[in-house]
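Throughout, the working numbering is defined as the position within the sequence shown, counted from one, plus 163.
Ideal Cβ placement from N, Cα and C applies to all residues, glycine included.
All values derive from a computational prediction rather than experimental measurement.
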Amino acid sequence: MTTLSIIGGRVLDPASNLDSVTDLHIADGKILSIGAPPADFTATKHIDANNQIVCPGLVDLSVRLREPGAEHKGTIISETQAAAKNGITTVCCPPDTNPVIDTPAVAELLRHRAAAGTAKVLPLAALTRGLKGEQLAEIGNLKEAGCIGVSNVLPIANTDLLCNAFKYAANCELTVFLYAVEPWLGRLGCVHEGTVSTSLGLSGIPEAAETIAVARDLLLIEMTGARAHFCRLSTARAVDMIKEGQAKGLPITADVSAHHLFLTDTDIDYYDSQCHVKPPLRTQQDKTALRTGLIHGSINALCSDHQPHEADAKFSPFALTAAGISGLDTLLPLSLRLAEEMSLDLVTVLGYVTNKPAQILGIDAGTLAIGSKADVCIFDPEQHWTLTEDNMHSLGHNSPFLGREFKGKVSHTLINGRVVS
164 MTTLSIIGGR VLDPASNLDS VTDLHIADGK ILSIGAPPAD FTATKHIDAN NQIVCPGLVD
224 LSVRLREPGA EHKGTIISET QAAAKNGITT VCCPPDTNPV IDTPAVAELL RHRAAAGTAK
284 VLPLAALTRG LKGEQLAEIG NLKEAGCIGV SNVLPIANTD LLCNAFKYAA NCELTVFLYA
344 VEPWLGRLGC VHEGTVSTSL GLSGIPEAAE TIAVARDLLL IEMTGARAHF CRLSTARAVD
404 MIKEGQAKGL PITADVSAHH LFLTDTDIDY YDSQCHVKPP LRTQQDKTAL RTGLIHGSIN
464 ALCSDHQPHE ADAKFSPFAL TAAGISGLDT LLPLSLRLAE EMSLDLVTVL GYVTNKPAQI
524 LGIDAGTLAI GSKADVCIFD PEQHWTLTED NMHSLGHNSP FLGREFKGKV SHTLINGRVV
584 S
C-alpha cells in the first residue's frame, strides 16, 4: 500500500471549512487522516509543506483539450499535464471537439485517450447532433459512455427542440450546461457593443444577446424541471436573472471565467487580440456585478475557460482572430488575486475552484474529507513570479496576462495520492 504524509502545511478544505496548520496522511490513494496519523501508519514518502498551503486539487469546469481535431493547438497529454502543473486535478471538457462528442464512440475515444493523460478528464456530451441544433443527440447512451452532462455550446434557435432536450436530459438525470447566446443578435460581433466597440470600429455583441437567452432558458427550466448550469456569464443583468431564478427555487447554478473578473472591454484598446474572447469582455459595471454575484452566491464557481491557440491564430485583424484565452496557468493565481482585491478569506475563494465546481458536476472531488480521493494541490502563497511564454505549461501561450506579476506558485500536485507534478 502506497503511503504518504504532507507535513506542516496550512491545510485548507473549503468543503469542511477547515483552516489549520497540520499534517495530512494518505494511503492507497485516499485521505487517511488529518493531524495525527493512525497508530499503525507509516509513511513511505514525506512532503515538507512548511509555509505552504495544502488544499484540494482544483476542479476546472471548462478546459478545451483540443483533441480530437485541433492537436496543433493542444493535446490531451499537453493540456492535462499543464493542468496538473497548476494544481488542477480534474477538468471538464466541452463537446465542441472535431468530431463533436455526440456519439458514444467519440466519448469513449476521448476517455481512452484521456487515460494516458495526467489530470482527470470529464467529457460533456453534445445536446444536439453535431451541435447544429437540429436533432437531439443520443443523450442516454452518451451518459452510459461516461459523459457527465450535456451542453449546447452553440446557440439553439429552435425553442421546441430545446424544450424537448431539457425534458430528455431531466429524464436521464443529467445537468444541462448552457451557453446563453441568442442566435441572431450580435452573431457577427467580436466585442461588447458599447462605446469601446464604436470607437474601435468593431462589430458589437449586445448585452441582450446573453440576457434574452438566459430568460428563455429559465422559463424552459421552470417548465421542464431540468437541472441546468449557466456557463461563463458576462453581464450584470444576467447575474440578476440567475439570482431571481435561484430565489424561486429553480435547480440552477452558474459560473464565470477568471478573466471576466479582471478584464473589461477597455483592455481591448489598440486592438489587443489576446482580449478577443466569447462571451466578450464587458463593462466595468458588469465586471463588478460578476464579482458581487460570486461573493453573494448567485454565481457558484470560477473556471479558466481554457482555450489554447497557436500563435498565428492571434496574428490577424482583431475580428478575424480566434477567440479564447489559455487560462490554466492563471486560474489559481487569479483566484488568489481576487481574494486580495476583494478582502476574501482563502477558504472562500478556494471553494470557487474546488468543492463548488465538484458539486455542480456531482463528483467525488474538491475535498480533503477522510476517505475521499487524495487529489491535492500544494502551493506557496507568497512566491512572486511573472507570466511569460517560457513558463506557461500549456501549448497555447495566448494570454492577455503575459508580463504580469502574480503571487502564488504550485509546488506539488497529487492525483489519487500519487505525486504527478
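Spatial distance of residue i from residue j (CA atoms)
{"i": "serine 436", "j": "isoleucine 541", "result": "33 Å"}
{"i": "arginine 395", "j": "glutamine 244", "result": "24 Å"}
{"i": "glutamate 444", "j": "aspartate 176", "result": "Before going on, a small fix: residue 444 reads as leucine here, not glutamate. Distance between the alpha carbons of leucine 444 and aspartate 176 is about 32 Å."}
{"i": "arginine 292", "j": "alanine 410", "result": "34 Å"}
{"i": "aspartate 475", "j": "glutamate 552", "result": "15 Å"}
{"i": "leucine 505", "j": "alanine 417", "result": "At residue 505 the sequence reads methionine, which differs from the leucine that was named. Taking the straight line joining both Cα atoms gives about 20 Å."}
{"i": "alanine 391", "j": "leucine 299", "result": "17 Å"}
{"i": "glycine 352", "j": "leucine 365", "result": "7 Å"}
{"i": "leucine 457", "j": "leucine 363", "result": "31 Å"}
{"i": "leucine 494", "j": "valine 419", "result": "12 Å"}
{"i": "alanine 378", "j": "leucine 273", "result": "33 Å"}
{"i": "tryptophan 347", "j": "threonine 281", "result": "39 Å"}
{"i": "arginine 276", "j": "isoleucine 239", "result": "7 Å"}
{"i": "serine 179", "j": "glycine 514", "result": "10 Å"}
{"i": "histidine 556", "j": "asparagine 249", "result": "8 Å"}
{"i": "leucine 325", "j": "isoleucine 415", "result": "16 Å"}
{"i": "glycine 296", "j": "threonine 322", "result": "10 Å"}
Buried or exposed by the 16-neighbour rule on C-beta atoms within 10 Å, applied to residue i
{"i": "lysine 536", "result": "buried"}
{"i": "arginine 350", "result": "exposed"}
{"i": "glutamine 470", "result": "buried"}
{"i": "aspartate 386", "result": "A small fix is needed here, since residue 386 is methionine in this sequence, not aspartate. Burial call: exposed."}
{"i": "phenylalanine 478", "result": "exposed"}
{"i": "histidine 547", "result": "exposed"}
{"i": "glutamine 215", "result": "buried"}
{"i": "valine 316", "result": "buried"}
{"i": "alanine 278", "result": "exposed"}
{"i": "threonine 361", "result": "exposed"}
{"i": "asparagine 463", "result": "buried"}
{"i": "lysine 236", "result": "buried"}
{"i": "proline 286", "result": "buried"}
{"i": "isoleucine 189", "result": "buried"}
{"i": "serine 584", "result": "buried"}
{"i": "aspartate 538", "result": "buried"}
{"i": "aspartate 468", "result": "buried"}
Nearest neighbour of residue i, chosen from the options [CA to CA]
{"i": "threonine 446", "options": "Ile431, His459, Leu457", "result": "Ile431"}
{"i": "tyrosine 434", "options": "Val359, Ala389, Leu494", "result": "Val359"}
{"i": "leucine 294", "options": "Pro318, Lys283, Lys406, Ile302", "result": "Pro318"}
{"i": "aspartate 186", "options": "Ile311, Ser584, Pro201, Asn180", "result": "Pro201"}
{"i": "proline 231", "options": "Ile170, Ala246, Asn315, Asp259", "result": "Asp259"}
{"i": "serine 168", "options": "Pro262, Asp191, Ile210, Ala199", "result": "Ile210"}
{"i": "glutamate 356", "options": "Asn261, Ile458, Thr429, Ala343", "result": "Thr429"}
{"i": "proline 369", "options": "Ala389, Ser461, Phe393, Ala343", "result": "Ala343"}
{"i": "leucine 337", "options": "Asp323, Gly388, Val313, Ala270", "result": "Val313"}
{"i": "glutamate 234", "options": "Ala247, Asn261, Val254, Asn213", "result": "Asn261"}
{"i": "isoleucine 405", "options": "Leu341, Thr576, Pro286, Leu577", "result": "Leu341"}
{"i": "alanine 289", "options": "Cys310, Val254, His188", "result": "Cys310"}
{"i": "asparagine 334", "options": "Val284, Trp347, Ala389", "result": "Ala389"}
{"i": "asparagine 213", "options": "Arg581, Ser557, Pro544", "result": "Pro544"}
{"i": "leucine 524", "options": "Ala532, Val284, Ile197", "result": "Val284"}
{"i": "glycine 566", "options": "His556, Met555, Lys572, Leu550", "result": "Leu550"}
{"i": "alanine 328", "options": "Ala372, Asp380, Ala371", "result": "Asp380"}
{"i": "glycine 408", "options": "Lys248, Leu382, Val582", "result": "Leu382"}
{"i": "arginine 400", "options": "Asn321, Lys441, Ala376", "result": "Ala376"}
{"i": "serine 461", "options": "His423, Val402, Phe569, Val354", "result": "Val402"}
{"i": "lysine 330", "options": "Glu373, Phe569, Val539, Ile384", "result": "Ile384"}
{"i": "leucine 577", "options": "His459, Ile251, Arg173, Ile170", "result": "Ile251"}
{"i": "histidine 439", "options": "Lys450, Thr427, Thr530, Gln448", "result": "Thr427"}
Extent of the continuous alpha helix (DSSP H) run through residue i
{"i": "histidine 275", "result": "267-277"}
{"i": "glutamine 522", "result": "518-524"}
{"i": "proline 496", "result": "494-505"}
{"i": "serine 584", "result": "No alpha helix (DSSP H) contains serine 584, which DSSP labels as neither H nor E."}
{"i": "histidine 459", "result": "447-459"}
{"i": "threonine 207", "result": "Per DSSP, threonine 207 belongs to no alpha helix (DSSP H) and is neither H nor E."}
{"i": "valine 512", "result": "509-514"}
{"i": "threonine 253", "result": "Per DSSP, threonine 253 belongs to no alpha helix (DSSP H); it is in the beta strand (DSSP E), 251-256."}
{"i": "lysine 441", "result": "Per DSSP, lysine 441 belongs to no alpha helix (DSSP H) and is neither H nor E."}
{"i": "isoleucine 189", "result": "Per DSSP, isoleucine 189 belongs to no alpha helix (DSSP H); it is in the beta strand (DSSP E), 181-190."}
{"i": "leucine 383", "result": "371-387"}
Range of the contiguous beta strand (DSSP E) that encloses residue i
{"i": "phenylalanine 329", "result": "It is not in any beta strand (DSSP E) - phenylalanine 329 instead sits in the alpha helix (DSSP H) that spans 322-334."}
{"i": "alanine 482", "result": "Careful: alanine 482 lies outside any beta strand (DSSP E) and carries neither H nor E."}
{"i": "arginine 173", "result": "166-176"}
{"i": "leucine 599", "result": "For the chain, the structure presents residues 164 to 584; residue 599 sits outside this window and is missing."}
{"i": "isoleucine 431", "result": "Where isoleucine 431 is concerned, there is no enclosing beta strand (DSSP E), given that its DSSP letter is neither H nor E."}
{"i": "valine 338", "result": "Reading off the sequence, residue 338 comes out as threonine, not valine. First-last of the beta strand (DSSP E) with threonine 338: 338-341."}
{"i": "glutamine 546", "result": "539-549"}
Touch check for the stretch 470-490 and the stretch 562-575: three-plus C-beta pairs under 8 Å? Yes, the stretch 470-490 is in contact with the stretch 562-575.
Count Cβ pairs between the stretch 220-228 and the stretch 506-520 that sit closer than 8 Å; are there 3 or more? Yes, they touch.
Counting Cβ pairs, one atom from each stretch, are 3 or more of them under 8 Å apart for the stretch 301-309 and the stretch 256-274? With the cut-off at 8 Å, the stretch 301-309 and the stretch 256-274 touch.
Whether or not the stretch 190-209 and the stretch 236-243 are in contact is what I'm after, with contact meaning three or more pairs of Cβ atoms, one per stretch, closer than 8 Å; do they touch? With the cut-off at 8 Å, the stretch 236-243 and the stretch 190-209 do not touch.
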